[in-house]
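Reading the sequence shown from the start, the letters are residues 57 to 552 in the numbering used here. Glycine is no exception: its CB is placed at the ideal position from the N, C-alpha and C atoms. Worksheet: one structure, shown below.
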Amino acid sequence: MLRRSGILLHPTSLPSATGIGNLGKDCIDFLDFLQESGQSLWHILPLGPTGYGDSPYQCFSAFAGNPLLIDPQDLVELGLLDADAVKAPAWARRGPVEYGKVGPWLEELFRKAYAAFRAQGDTDLAAQFVAFYSLEGWWLHDFALFMTLKHAHQLRPWWEWEPQWRVREPEAMARLNEERQEEILYHKFLQFLFQRQWDHVRMAAEERGIRIIGDLPIFVAYDSADVWCWPHYFRLNQDGSLEVKTGVPPDYFAPTGQLWGNPHYDWHTMQSDNFWWWRSRVHRLMSQVHTVRIDHFRGFESAYEIPGDAETAEFGVWVKSPGDTLFTVLTGAFPALSVVAEDLGVITPEVSALKNRFNFPGMKIFQFGFLEGNAAFLPHNYEKECVALTGSHDNDTLLGFLEKQEPTLHERVFDMLDVKSLDQVPRASLRALWASSANWVVIPMQDWLGLGTEARMNIPGTLGGNWRWRLGKRYRNRKDEVWLKQLGDIYERNSG
């Protein structure tokens with residue numbers, strides 16, 4: 057790992073005039089900001105299509121992209137929409153993402169664009185579309201069927217559908233393919249547009265010397281095309297209900313534990329075909345990003361299983377996972393695979409041994425180091441082979457966190473960073489990380505801007521109000537960017 061530095065910012069948080077960050081001009085402008093401030097890492101969250109709760113960690117597919125990220129202006133340039141059609145309503149121009157408004161508004165635009173695309177007939181764009189769905193058909197067709205049925209059922213989860221759709225009866229599926237061809241093709245078209253735009257973003261990042269760190273959640277959503285299409289890979293009962301579900305045991309912060317509700321894998325079945333689904337998933341992600349952050353890495357050593365009908369996480373058990381075998385297969389299949397292991401939480405010697413066996417760098421969260429007994433998270437204790445962040449998407453902002461702490465902790469932090477006030481902490485923290493031994497350092501955009509709790513991205517264990525923060529248009533400051541670039545020069549992080 058060369059010494060590098062970068063920014064954590066999910067594309068939904070980019071500024072835009074369409075109610076949500078997208079893959080258009082503002083995204084390229086952000087890449088320019090990274091390059092001009094000496095940054096060579098862009099850390100993002102999962103790119104999949106979000107559902108209930110809007111979480112990128114609960115997607116309708118482990119393979120598909122999020123249509124909400126499609127830039128409508130690109131559709132104007134393709135001749136599929138009029139310029140007037142994409143003029144954003146007032147609510148879309150600034151402030152947090154309003155998912156309940158932006159989803160229907162974009163859906164209407166995309167339907168119009170698809171109708172125009174079909175009316176164009178044989179064009180270069182149509183040929184590109186055919187090439188795309190022919191190449192990606194192994195996952196794309198089933199995803200399009202899944203989304204077609206979801207829309208036909210007012211987005212209700214697949215286990216609430218009629219029996220013939222729940223179990224994918226061959227006759228019913230054949231009828232669906234015949235009768236709903238256009239709707240199926242529409243969902244494929246959205247994925248084509250997403251992939252076309254994301255390929256442009258990735259190429260632009262590479263031209264600027266920027267590596268994209270993507271995210272691989274360990275589990276998939278219960279209401280996903282993956283579980284509906286490949287139920288044999290998951291621990292389900294005969295009727296499709298969960299035999300066991302995921303979560304974490306009780307602790308000081310959650311007396312009854314946390315119920316995540318994702319299905320657990322049937323590892324025996326997955327091993328029987330040499331982890332085909334996992335190899336396919338990693339192959340797909342590697343085509344989109346340069347480095348893969350593996351979320352909840354400890355679950356690949358042992359995962360917490362909770363009875364499927366349990367209402368709390370109090371009565372689960374830890375069950376061994378075949379992480380050693382899985383990563384042997386994955387690193388053998390993909391010699392160029394670049395991994396960062398999210399090794400946070402309760403990490404046992406066995407989890408550390410698994411990480412070290414494959415030489416996966418782990419993560420350090422500076423914010424954790426402010427608390428007693430967490431010295432391993434302080435910069436002077438970082439090993440070289442790790443990725444250090446001031447905080448993750450699940451943390452409060454650095455300033456927001458400190459504002460809630462006692463004055464005694466403030467004094468400790470001030471002494472540690474040699475500052476006199478809270479507003480000086482974010483920049484001083486950045487300098488401490490940049491000076492550390494950690495080869496890669498990343499700062500959330502909110503901490504770079506010195507923002508408070510109002511800019512927090514997610515509060516774990518809560519539903520509603522998360523994943524909404526959006527960057528304002530005027531986030532750039534030439535003087536600050538020069539300072540950041542000079543900091544990279546001083547601590548040798550601009551050569552990556």
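- Query: Alpha carbon to alpha carbon, what distance is there between TRP504 and GLY94?
  - Reply: 14 Å
- Proximity winner among LEU382, HIS197, GLU299, LEU272, relative to ARG236 (alpha-carbon distances): HIS197
- Tell me whether the beta-carbon of PRO463 lies closer than 8 Å to the beta-carbon of GLU370. no
- Task: Using alpha carbons as the reference points, say which of GLY517, PHE353, PRO123 lies closest to GLY77.
- Result: PRO123
- Let me know if ARG150 comes out buried or exposed under the rule of 16 or more other beta-carbons within 10 Å of its beta-carbon. exposed
- Message: Is it the case that the region 378-388 contacts the region 136-147, given that we only count it when at least three CB pairs across the two stretches are under 8 Å?
- Response: no
- How about LEU543 and TRP490: do their beta carbons lie closer than 8 Å? yes
- Query: Using the rule of at least 16 other Cβ atoms within 10 Å of the residue's Cβ for burial, across every protein chain shown, is LYS301 buried or exposed?
  - Reply: buried
- Item | Assigned exposure category for LEU540 - 16 Cβ within 10 Å defines buried | buried
- Item | GLY456, DSSP secondary structure in three states | helix
- Applying the criterion that 16 or more other CB atoms from any shown protein chain within 10 Å of the CB defines a buried residue, is ASN318 buried or exposed? buried
- Compare the Cα-Cα distances from CYS83 to each of ASP255, GLY425, ASP295, ILE546 and report the closest residue. ASP255
- Query: Thinking just about the alpha-carbon of each residue, which of LEU434, GLU357, ASN437 is nearest to the one in ARG413?
  - Reply: GLU357
- Task: Could you tell me which residues DSSP pairs with LYS420 in its beta bridges?
- Result: ALA444
- Give the straight-line distance between the Cα atoms of ARG532 and GLU225, rounded to the nearest whole angstrom. 55 Å
- Would you be able to state if there are at least three C-beta pairs under 8 Å between the region 256-271 and the region 178-185? no
- Message: On a Cα-Cα basis, can you pick out the residue from HIS324, GLU361, PHE331 that is closest to GLY303?
- Response: GLU361
- Is the beta carbon of LEU125 sitting closer than 8 Å to the one on PHE331? no
- List the whole-angstrom C-beta distance separating PHE416 from PHE433, where the pair is believed to meet the contact cut-off of C-beta under 8 Å. Not a contact, Cβ separation roughly 18 Å.
- Query: Which term fits LEU211, buried or exposed, when burial requires 16 or more other beta carbons within 10 angstroms of its beta carbon?
  - Reply: exposed
- What residue does the beta strand (DSSP E) around LEU97 start on, and which one ends it? 97-99
- Task: Look at the alpha carbon of ARG340 and the alpha carbon of ILE350, and state the distance between them as a whole number of angstroms.
- Result: 14 Å
- Message: Restricting to Cα atoms, I'd like to know which of ALA366, ALA444, ASN233, ALA431 is closest to ALA397.
- Response: ALA444
- Check whether the Cβ atoms of TRP221 and SER297 sit closer than 8 Å, and answer yes or no. no
- Query: Between GLN253 and LEU79, which are expected to be in contact by the criterion C-beta below 8 Å, what is the C-beta distance as a whole number of angstroms?
  - Reply: 4 Å
- Task: Assess, as a yes-or-no matter, whether the region 506-523 is touched by the region 446-457 under the definition of 3 or more beta carbon pairs within less than 8 Å.
- Result: yes
- Quick one: residues in its chain with C-beta nearer than 7 Å to the C-beta of ASN437, no 5 flanking neighbours on either side, listed in chain order? ALA431
- Report the rounded CA-to-CA distance for LYS460 versus LEU97, giving the unit in angstroms. 30 Å
- Minimum length 4: unbroken alpha helix (DSSP H) runs contained in the region 171-195: 180-191
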